[in-house]
Structure formats: structure tokens, C-alpha cells
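**Q** Here the protein sequences line up with chains A and B, keeping their order.
Positions 20 to 162 (the working numbering) are the ones given, in order, by the first sequence.
Positions 20 to 162 (the working numbering) are the ones given, in order, by the second sequence.
2 protein chains.
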Amino acid sequence: MSDLDIAEVAQRAGVTAATLRFYEEKGLIRSIGRRGLRRVFGDSVLERLAFISLGRAAGFSLAEIGRMFSPGGTLDIDRSLLAERADELDRTIRRLGALRDGLRHAAACPAPSHMECPTFRRIVRAAESKSLERHIASPRNKI
Amino acid sequence: MSDLDIAEVAQRAGVTAATLRFYEEKGLIRSIGRRGLRRVFGDSVLERLAFISLGRAAGFSLAEIGRMFSPGGTLDIDRSLLAERADELDRTIRRLGALRDGLRHAAACPAPSHMECPTFRRIVRAAESKSLERHIASPRNKI
DNA sequence: ATGCAAACTCAAGTCGACTTGAGGTCAAGC
DNA sequence: GCTTGACCTCAAGTCGACTTGAGTTTGCAT
Chain A
20 MSDLDIAEVA QRAGVTAATL RFYEEKGLIR SIGRRGLRRV FGDSVLERLA FISLGRAAGF
80 SLAEIGRMFS PGGTLDIDRS LLAERADELD RTIRRLGALR DGLRHAAACP APSHMECPTF
140 RRIVRAAESK SLERHIASPR NKI
Chain B
20 MSDLDIAEVA QRAGVTAATL RFYEEKGLIR SIGRRGLRRV FGDSVLERLA FISLGRAAGF
80 SLAEIGRMFS PGGTLDIDRS LLAERADELD RTIRRLGALR DGLRHAAACP APSHMECPTF
140 RRIVRAAESK SLERHIASPR NKI
């Protein structure tokens, strides 16, 4: 198991040293020791950081990701949570797909102003109706 | 053209009155006048708000959306910007699709710990893209 | 042995998009 | 005419995820 200093971890994981300290403080990663006052990391931290990055991309907050590690430090994600997040992602994907089509249409549309294009207005209106739905749903939950 | 008071606009657009004042201050919407000191809105503000919501969902910031309106107030989006954003969205969609599949696999995977599953590890390693950030499924950004 | 880039700690700042609070005004119903 | 509640303004607070700054310490190359 090779020892890594913070700069090397930072460089290989694509984050700054400050971010690593921040993550450690939050309990997301751990250093295996110190050399003087300097942190020493094991290379498994890289996999862990990759996982954190993936989790963030999937829409989990750092707090949620933190909860995915059991006290021992091994990964232990609730499978139903994963399935739930996959479904959520799926809905997001579909919405973004419609949006992309709308943008593409608007980009090619010959109407002098976008609001004069019936297709564009339809897309805008469709977004509007969905926003009503969301307002009924739970208000507070961020990434 | 019916006159709307702030409460009605808020209710119909699914935002709070405070948000409407905030948007007005930022130049994203305008009231057509005042009745006493109270704002009066024309109903076209609803379409504009729907557009703003759509834009947010597509990953635009309020500042970017603001720039899409010409000084006169009409919508005037740079078409190449739209096409560019559509392409960006497309890349995001593909990446999120892979992520969703990964999550789905992990949810069904029989390995005792996810890190012991080769498929999961492959997904984790594959996650390196940075441009994903913009369209992450932040419920705040959702339509 | 010495110089210094790189670490360290802890506090505070930043950014976006709002929300909340304090204190004041006013149109409408009783 | 009076109360009340919806509005108003302006300032400050919040939230997440970092970043930045200030002041201090030290491992390592020369």
C-alpha cells in the first residue's frame, strides 16, 4: 500500500488539497497517519474519492454520501435508496431530453422572436404545467 | 389584458411573492404599474415566468436568462447559444444515463459490499467528467 | 545548516437563489 | 371609522460546498 501525500492525492483525484482537508473534516475520507504534521493517505482514498465524485454527480449531498459508509469505513449503501435515486435520475433524464429537443427547435426556428413560435410556446407551456406538480411535492431537499 | 396582483401571479406561477419581487429587482420580470404601492402585473408575466422556470431547468442561471431578453423586453436568445446548450444537455443526458444504469446495477447487485462488485468498480472508475455539475438533479432546479 | 515551498490550523469569505425579519403603508370589509 | 391582513422596502440570513486568508510550522533539497 503506497503512501501518498496530500498533493499527490489532490492531483490524482482532481481536487484541491483544501477540499481533501474539508472532506476529512466532514468524515468522508481519512488519512492513515501523519508524517510530522503532514497527512499521509493510503491509495484506497483515491477509489473513495472517485466514489464521492460519482455520488455527487448522481445527485447525492456530501451528507448523504457520508451516511453510505458504515462506521468501520466500508461502503454500505442502502439498496432501496439507490433504486430510488436511479428512478429519480430517470425522470430527470426524460425531462432534460424534452428540454434538449425544445432548445434544438428554438435554435432552428425561423420565427423572429421565439415567443412567436407555436412549438416553442408549447414547450414553455408544458414546463409550466409540470411546475405545478412540483410545487405540491416536498419543498426542501437539495443535492 | 387582465391585471393580476402579486399573490395571484405567485399562486399561478408556483413561486412566492418574495421571489417575484426578487426577479423584478433582477430585471427578469416587470410589473405594468402600481395600484397605490402594490404591484400590478399583466398576464404575460406568467409566460415569462414559465420561460424562466424552463431556462433554470435547462441549466441556465438567472443572469444568463436575464441576458436573453432584449432591452425592449422581448425574448431574443442567441440561437447558437441555444444549439450549444442543447449539445451540452445531450452530453449530460448520456452521462446521466450511464449513471442511472450503474445505480440500478448496484441496487440489484448481490455482492456484500458494493466495492467488491467489478461492475460497480468499473462505473466508479468511469466517473470522471466534470461538466456534469451543471445539470445535476438538484430538486431546486427541477421543473 | 539553512532556506523555502508546501503543509498545517482556524476563521471567514464566496456564490446563487432565495427566504426571513423588522418596521411601515394602505385598500377593503365590517 | 377602524381593524386587519396583504403589500411594501431594505437589510440580513440561509444553505451547501468549497475557497481564501492569515499566521505558523516543517520536511526536504542544497
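Glycine residues also receive a C-beta, built at the ideal position from the N, C-alpha and C atoms.
For chain A, is any of its Cβ atoms less than 8 Å away from the one on phenylalanine 70 of chain B?
**A** Taking Cβ atoms only, chain A reaches closer than 8 Å to phenylalanine 70 of chain B, which makes this a yes.
**Q** Report yes if the C-beta distance between glycine 91 of chain B and leucine 47 of chain B is below 8 Å; otherwise report no.
**A** Not in contact: glycine 91 of chain B and leucine 47 of chain B (Cβ atoms no closer than 8 Å).
**Q** I think alanine 77 of chain B touches leucine 100 of chain B, with their Cβ atoms under 8 Å apart; what is that distance to the nearest whole Å?
**A** Going by Cβ atoms, the distance from alanine 77 of chain B to leucine 100 of chain B rounds to 11 Å, so no, they are not a contact pair.
**Q** Listed in chain order, which residues of the segment 80-96 of chain A have Cβ atoms closer than 8 Å to some Cβ of chain B?
**A** Of all residues in the segment 80-96 of chain A, Thr93, Leu94, Asp95, Ile96 have a Cβ within less than 8 Å of some Cβ in chain B.
**Q** According to DSSP, simplified to helix, strand and coil, what is leucine 39 of chain B?
**A** Looking at leucine 39 of chain B - three-state DSSP - the assignment turns out to be helix.
**Q** Measuring only between beta-carbons, confirm whether aspartate 109 of chain A sits less than 8 Å from chain B.
**A** Yes, its Cβ sits closer than 8 Å to a Cβ of chain B.
**Q** Evaluate threonine 111 of chain A with the Cβ neighbour count: other Cβ atoms within 10 Å of its Cβ, from every protein chain shown; 16 or more gives buried, anything less gives exposed.
**A** Classification of threonine 111 of chain A: buried, given that the 10 Å Cβ count is 16 or more.
**Q** Of the residues A:Ala36, A:Ile51, A:Gly33, A:Pro131, which one's Cα is nearest the Cα of aspartate 22 of chain A?
**A** The candidate whose alpha carbon is nearest that of aspartate 22 of chain A is A:Ile51.
**Q** Using three-state DSSP, classify aspartate 120 of chain A as helix, strand or coil.
**A** Helix, per DSSP.
**Q** Please confirm if isoleucine 112 of chain A has its CB atom under 8 Å from at least one CB of chain B.
**A** Taking Cβ atoms only, chain B reaches closer than 8 Å to isoleucine 112 of chain A, which makes this a yes.
**Q** Which whole-angstrom value describes the C-beta separation of alanine 102 of chain A and arginine 123 of chain B, a residue pair presumed to lie in contact below a C-beta threshold of 8 Å?
**A** About 7 Å separates the two Cβ atoms, so the contact holds.
**Q** Please state the DSSP three-state secondary structure of leucine 47 of chain B.
**A** It is coil, neither helix nor strand.
**Q** So arginine 104 of chain A contacts chain B; which residues on that side make the cut at Cβ distance below 7 Å?
**A** Those within 7 Å of arginine 104 of chain A in chain B are Leu122.
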